[in-house]
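First the structure, in the form of structure tokens, and then the observations on it.
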Amino acid sequence: MSEKEEDRFVNLSSDLAVNDDQCHHYCRILLEPQEEKSTNFKDYVVTKLKKTCCCSPAKAKNWIFGFMPVLQWLPKYDMKKYLLGDMMSGLIVGILLVPQSIAYSLLAGQEPIYGLYTSFFAGIIYFLFGTSRHISVGIFGVLCLMIGEVVDREVHKAGYVMEHTVKAGLFNHINKSVTIPAVNQTSGKICDRSCYAITVGTTVTFIAGVYQVAMGLFQVGFVSIYLSDALLSGFVTGASFTILTSQAKYLLGLNIPRSNGVGSLITTWIYIFKNIHKTNLCDLITSLLCLLVLVPTKELNEHFKSKLKAPVPTELIVVVAATLASHFGKLNENYGSSIAGHIPTGFLPPRVPDWNLIPNVAVDAIAISIIGFAITVSLSEMFAKKHGYIVRANQEMYAIGFCNIIPAFFHCFTTSAALAKTLVKESTGCQTQVSSVITALVLLLVLLVIAPLFYSLQKCVLGVITIVNLRGALRKFGDLPKMWRLSKMDTVIWFITMLSSALLSTEIGLLIGVCFSMFCVILRTQKPEAPILGHVEESEIYESTCAYKNLQTEPGIKIFRFVAPLYYINKECFKSALYKKTVSPILVKAAQKKAAKRKLKEKMVTLSGGQNEASMNLSHESPELHTIVIDCSALQFLDTAGIQTLKEVRKDYADIGIQVLLAQCNPSVRSALCRGEYCTKEEENVLFYSVHQALCFALDLKKQQTLGASNGLSISTD
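Numbers 16 to 733, taken from this note's numbering, label the letters of the sequence shown in order.
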């Protein structure tokens with residue numbers, strides 16, 4: 016600190032220092048506000064349009080590079096430093112994605128091939144548009160569940176019936192013989208059930224992608240802030256119960272309809288117990304064996320992940336072993352076990368979504384788009400913070416939007432980032448998005464060569480893989496005691512969202528969770544903390560007397576803090592808390608009238624036991640309460656009701672001879688008070704920049720009134 020700065024600091028401190036009583040002669044500090052710039056709306060719009068619409072080579076280059084971040088970082092790619100880690104992580108994630116993509120296709124109500132398509136295209140497109148180096152974009156269980164619910168509803172409305180095997184069909188250009196579901200019995204459409212299911216899925220995906228890109232264009236990525244961590248965690252856990260329920264029929268080998276709508280979880284379990292006697296023993300035994308293998312090995316993978324260079328691909332090993340056992344044991348022919356069926360090689364020709372379906376699925380796509388974006392941005396920011404780089408939320412919205420729009424023309428369904436695969440990707444040495452390209456190459460190999468080999472794979476194995484991958488979400492129950500200790504409100508939000516998502520439906524559960532979270536925010540501001548403050552001896556620190564010991568208070572002065580914005584919802588709470596902690600002007604006026612009527616000589620009477628305790632404090636204060644300082648540091652804003660409340664409070668206290676001073680108002684609150692005519696220019700001495708300044712003013716005023724009462728001295732505010 017320079018000598019000049021030190022002198023100025025000492026002078027300022029001396030103005031506010033504590034003297035033998037409390038303060039030296041009060042010296043008012045005045046800050047000169049900045050002049051507000053008067054902006055002409057027309058000029059503002061014209062300037063913005065010129066800035067936005069003007070084009071130059073540099074601006075065009077920056078826009079293109081910002082829109083496709085790969086053009087920025089790929090030319091600087093250090094192969095020696097990054098390639099090995101990217102290849103290792105991409106290869107491992109690709110191997111893990113094969114069985115998961117096939118398994119989650121069933122959850123989305125689609126044929127296995129479409130899950131492989133989805134994972135392939137999503138990785139390539141995110142490589143071009145994404146800004147996160149670590150997240151793995153592909154199939155996500157909750158979104159698959161939401162897609163599956165829409166698909167089953169629309170397929171049922173279109174009149175499609177159960178599956179059967181026929182010759183020729185959708186994949187004739189690839190193979191001659193394939194299992195195809197039955198055709199539409201109501202409309203007689205040529206498109207079979209599988210064809211119509213993926214048409215619905217791609218249409219929902221396309222609309223969800225359009226929503227996400229539109230939100231990016233209008234810079235509304237902030238919507239994700241309404242989905243708190245507790246809400247998202249509860250939503251995913253609740254949806255996990257629905258996913259588990261939907262896969263239970265595959266584990267038991269039951270052929271029951273998929274329930275949709277409110278209460279589908281309960282309805283599905285009713286169907287399961289009604290048909291439990293039809294359980295396929297072959298599928299049940301296979302499911303138990305797979306569980307006995309997958310659960311312990313997954314736990315071992317997690318326990319020793321710090322020592323293992325890469326996790327053991329137990330899912331792929333189980334899939335290969337189960338496929339071989341099913342093929343050579345002829346489980347489908349001998350025991351009626353449900354199998355994946357023919358998975359063709361190659362790609363289908365691109366096809367546009369069904370525009371006629373858009374009105375039916377437009378509302379469903381809203382929740383899907385928001386969840387997909389929120390999950391992606393949350394994971395992107397989490398890993399970016401961990402590894403020290405920046406992701407752009409709106410660019411992530413573009414990226415995940417195009418990961419849905421473009422693949423929708425190639426028979427894919429909705430994607431987002433997935434936590435489990437992202438963790439694997441990071442732990443195996445991922446450095447950049449190049450690992451997504453390696454993963455896509457692994458999936459391409461499967462699509463072109465290996466896919467038909469999974470013909471005999473039992474569906475119960477895929478169901479087990481899906482359920483085992485829910486362990487992370489279901490483990491959240493173990494975190495509840497810690498969450499309860501940290502925040503009881505967040506725990507309640509988690510429970511409400513989880514139960515409504517599980518017992519009602521995923522969309523309704525998400526809506527209830529958001530509404531309840533907002534209600535909790537309002538509730539917190541409706542009844543906030545409102546303590547009386549005291550100061551640490553020989554300091555300018557003021558804190559709650561309820562929270563800290565040995566705080567000093569000044570006789571005749573109460574310092575009150577309201578820890579919330581003051582607006583129409585909590586205005587009555589503010590008044591009642593203030594009156595309770597200080598004195599109630601209403602009760603004091605009543606006591607004064609009562610005293611005058613009885614012609615008593617005392618200045619204040621002791622009220623009866625049923626009266627408010629605050630009013631009795633006035634008569635016992637020695638000396639009497641003469642000043643109330645309201646600490647406004649926690650008032651973020653005031654509305655018209657809040658301004659009116661402060662005006663009423665000031666007037667009520669003035670009527671009984673108590674002055675009200677406001678301290679530490681932020682600029683927006685001061686501006687609101689000026690606009691609301693809380694005080695005139697001459698009365699600005701009721702607004703102070705610190706609690707200590709207000710306290711010094713009150714003490715100095717009281718001292719001058721005491722010493723100069725007989726001479727009629729007045730306070731100077733200079």
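From the three backbone atoms N, C-alpha and C, an ideal C-beta is built for every residue, glycine too.
M103 and I140 have their C-alpha atoms some 20 Å from each other.
Residue nearest to T642 within the set I258, L331, G571 is G571 (criterion: CA-CA distance). Secondary structure at F362: coil, using DSSP grouped into helix, strand and coil. Annotation for S274: T282, T283 place their beta carbon closer than 6 Å to its own, counting only its chain and skipping 5 residues before and after. R148 carries a coil assignment under DSSP once its states are collapsed to helix, strand and coil. Y129 is positioned such that its CB atom lies no closer than 9 Å to that of L477. In this structure, the beta-carbon distance from I385 to L242 falls below 9 Å. Only residues of its own chain outside the window of five on either side were considered, and among them T146, A399 have a CB closer than 8 Å to the CB of I405, listed in chain order. For R168, there is no enclosing beta strand (DSSP E); the enclosing alpha helix (DSSP H) covers residues 156 to 173.
For S502, there is no enclosing beta strand (DSSP E), as DSSP gives it neither H nor E. The beta carbons of K436 and Q125 sit no closer together than 9 Å. Per the Cβ contact rule, the region 220 to 230 is in contact with the region 424 to 434 (3 or more Cβ pairs under 8 Å).
When rounded, the separation of the alpha-carbon atoms in F388 and Q674 is 53 Å. Remark: C-beta atoms of L372 and V215 approach each other more closely than 9 Å. H550 counts as buried, since no fewer than 16 other beta carbons sit within 10 angstroms of its beta carbon.
Two segments are said to touch when three or more pairs of C-beta atoms, one from each, lie closer than 8 Å; by this definition the region 354 to 361 touches the region 464 to 472. Within its own chain, the residues whose Cβ lies closer than 7 Å to the Cβ of A212, once the five positions on either side in sequence are excluded, are G124, Q125, V166, V170, listed in chain order. Ranked by how close their Cα comes to the Cα of A245, the residues N295, C305, I390 have I390 in first place. A Cβ-Cβ separation of about 26 Å leaves L716 out of contact with L653 under the 8 Å criterion.
Across the structure, C535 and A579 are spaced so that their CA atoms are roughly 14 Å apart.
Between the region 554 to 569 and the region 529 to 543, the count of C-beta pairs closer than 8 Å stays below three; the two stretches do not touch. Straight-line measurement puts the Cα of L131 at about 14 Å from the Cα of L122. The residues L143, F144, in chain order, have a CB closer than 8 Å to that of M83 in the same chain once the five nearest residues on each side in sequence are set aside. Using a Cβ-Cβ distance cut-off of 8 Å, the region 90 to 110 and the region 448 to 461 are in contact, since at least three pairs of beta carbons, one from each stretch, lie closer than that value. In terms of Cβ geometry, F362 and L462 form a close pair [threshold 9 Å]. In summary, D494 is exposed, with fewer than 16 beta-carbon neighbours lying within 10 Å of its beta-carbon over all protein chains present. Excluding five sequence positions before and after I556, the CB atoms of its chain that fall closer than 7 Å to its own CB belong to H550, given in chain order.
In this structure, the beta-carbon distance from A263 to S516 does not fall below 9 Å. Membership of H318 in the alpha helix (DSSP H) is indicated by the continuous run 296 to 318.
Rounded to the nearest whole angstrom, the CA to CA distance from L548 to M513 is 40 Å. According to the DSSP assignment, S559 belongs to no alpha helix (DSSP H) but to the beta strand (DSSP E) extending over 557 to 559. Contact holds between the region 329 to 337 and the region 301 to 313, because three or more Cβ pairs, one in each stretch, are under 8 Å apart. The beta-bridge partner set that DSSP reports for H550 consists of Y557, Q567. Annotation: S442 to V277 spans about 40 Å, alpha carbon to alpha carbon. L269 is not a Cβ neighbour of T301, given a cutoff of 9 Å.
When beta bridges are read from the DSSP output, D646 appears opposite R576, A678.
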